[in-house]
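If you're matching positions, the sequence shown starts at 4 in the numbering used here and goes up one per residue.
Built from N, CA and C at the ideal position, the CB exists for glycine as well.
Given the structure is predicted, the values throughout are model-derived calculations rather than measurements.
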Amino acid sequence: MLSQRRATSPRAVDAGVRRRALGLTILMLLSLFAGIDLVSEEVSAASDADGDGLTYGLEYLINTSPNDPDSDNDGLPDGWEWKHGLDPLSSSFGDGAVGDPDGDGMSNLQEYTYLMPTGWDIATTPAVLDNGVWWNGTVPTNDWSEEHAMQFNPPACGATGSDGTGSVILCDEDPVGNICTDGFDNDKDGAVDGADSDGDGDADCLSDDDDGDGQIDEDRRGYDTDGDGMPDGWEVSYGLNATSASNDDGPNGDPDNDGLPNLFEYINPSWTTNCGSSPCFRPEPGTPTETITPCDPVSGIGPGGCATLTAEVDGITSTNPTAADSDGDGLNDSYEAFTLLTDPTASDTDGDGLSDGVEVNAAYGNPPQASDPRDNNTDGDAFDDGDEDANGNGIVDAGETDPTRREDAGDFDNDGIQN
């Protein structure tokens with residue numbers, strides 16, 4: 004009987020070994036999973052491992068990577084995009100590096116890197132924010148809080164409001180971005196958050212009076228970080244500081260010393276309209292007309308009586324605030340705008356083929372006199388001024404006629420017969 008039991012024991016031992024081995028394997032796997040759970044539980048919801056400005060908990064909610072500061076690889080840190088209402092999961096259209104959602108002429112990447120110190124981010128480590136997020140650039144969008152977005156040094160919660168009434172900024176304004184229009188389901192209810200019906204970017208999506216004082220205190224455009232009336236892109240393109248509204252960078256600055264303040268250089272009027280002597284530009288572009296008063300056709304910006312000037316808001320035809328002679332015709336911008344009444348943005352105001360500088364400084368005939376840079380045919384004959392002064396040098400050469408005298412003795416066609 005004993006021998007029979009011994010004969011069958013190897014199978015029993017085999018099965019027992021297998022059971023113990025399986026049990027040990029399960030225990031090892033359970034230990035491993037327990038270790039992983041333990042590690043994950045040690046990650047704080049308030050931590051920011053990748054340094055992109057978003058906490059671990061928020062990255063979980065919006066589905067960005069907590070270990071990659073730039074989830075969509077567009078060169079813009081997730082936290083910076085989220086703060087300004089861009090989609091940190093999209094690198095296309097207005098959300099990407101080349102997007103310009105506020106239409107100020109600066110791409111999102113240019114807005115982010117504006118005034119960034121050299122070496123802030125090292126090119127050889129693109130996946131790492133070497134010095135963290137650069138928060139001191141310009142604003143790329145209509146920001147979540149206009150009190151915050153439109154100022155370089157934003158006021159703190161409880162500080163005086165920005166509408167000049169001394170009201171207090173509330174503490175419940177959205178701290179993480181424009182949740183009304185960001186396209187996310189922030190509350191995880193299965194539906195994208197509601198639209199921003201009044202277009203002001205507020206967290207409540209309903210009111211354009213953040214501090215509840217009855218005064219509308221938002222700027223819905225968001226393209227002018229320092230609030231000086233000149234868009235960020237225009238300021239940057241001419242070397243002005245888009246985050247400063249003072250001294251040479253402000254609306255009354257004149258860094259090129261041409262007599263035209265920066266705001267006048269930006270709001271380029273239609274120089275052929277009638278106007279008066281005192282330009283009364285409002286401190287913000289975008290208005291169709293700018294009132295000029297009182298009437299003074301002699302020293303005004305345009306000929307004739309009082310009228311209105313058309314404001315250009317795209318910056319394309321503005322004068323250059325860092326160059327005294329924007330159009331390169333040899334005439335100072337303010338001298339053209341205020342005295343000659345010629346266009347400081349075009350070298351040939353009347354389109355006759357002669358630059359304004361040539362006409363103003365010309366010495367035609369005897370006694371020598373200049374032609375009119377605002378009249379393509381100064382003497383009213385059959386020929387434009389540029390046709391009469393064919394080489395455009397401001398004097399009457401052989402074979403040319405005098406553009407300032409209707410009856411002259413030139414031989415225009417070189418046939419040997421005086422005209």
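Distance CB(residue i)-CB(residue j) smaller than 8 Å
i	j	result
Gly333	Gly360	yes
Leu89	Asn66	no
Glu362	Ser350	no
Asn139	Trp123	no
Pro376	Thr352	yes
Val131	Pro80	no
Pro69	Tyr59	yes
Pro264	Asn255	yes
Asn323	Tyr241	yes
Asn244	Asp257	no
Ile248	Asp231	Reading off the sequence, residue 248 comes out as Ala, not Ile. Cβ distance < 8 Å, so Ala248 and Asp231 count as in contact.
Leu357	Asp330	no
Gly78	Gly56	no
Gly395	Gly389	yes
Pro91	Pro143	no
Thr141	Asp235	yes
Residue i, enclosing alpha helix (DSSP H) - first and last residue
i	result
Glu362	Asp359 to Val363
Asn83	Reading off the sequence, residue 83 comes out as Trp, not Asn. Taken as a continuous stretch (DSSP letters only), the alpha helix (DSSP H) holding Trp83 covers Asp81 to Lys86.
Thr325	Note, Thr325: premise wrong, no alpha helix (DSSP H); not H, not E.
Asp388	Asp388 to Glu391
Gly135	Gly135 -> no alpha helix (DSSP H), and no H or E assigned at all.
Asn2	The displayed coordinates of the chain run from 4 to 422. Any statement about residue 2 would go beyond what the structure contains.
Leu334	It is not in any alpha helix (DSSP H) - Leu334 carries neither H nor E in the DSSP assignment.
Glu62	Tyr59 to Ile65
CB contact check: residue i to chain D, cutoff 8 Å
i	result
Ala349	In the structure shown, chain D cannot be found, because there is only a single protein chain.
Under the three-state DSSP convention, the category residue i falls into
i	result
Tyr241	coil
Tyr117	coil
Gln154	Caution applies to Gln154, whose pLDDT of 32 falls short of 50 and renders its modelled position unreliable; the value that the coordinates give is listed next. In the structure shown, Gln154 sits in coil (DSSP, three-state: anything other than H, G, I, E or B).
Ser170	Per-residue confidence for Ser170 stands at a pLDDT of 42, beneath the threshold of 50, marking its modelled position as unreliable; the derived number appears in the next sentence. In this structure, Ser170 counts as coil in the three-state DSSP scheme.
Ala314	Any answer about Ala314 is weak, because its pLDDT of 36 lies below 50 and its placement is not dependable; what the coordinates show is given next. DSSP places Ala314 in coil when its eight states are reduced to three.
Met233	coil
Proximity test, residue i beta-carbon vs the ligand ADP heavy atom, cut-off 7 Å
i	result
Ala373	Looking for the ligand ADP in the displayed structure turns up nothing, as the structure carries no ligands at all.
Whether or not the region 89-98 and the region 115-126 are in contact is what I'm after, with contact meaning three or more pairs of Cβ atoms, one per stretch, closer than 8 Å; do they touch? no
Give a yes or no on contact between the region 367-375 and the region 344-351, applying the rule of three or more CB pairs nearer than 8 Å. no
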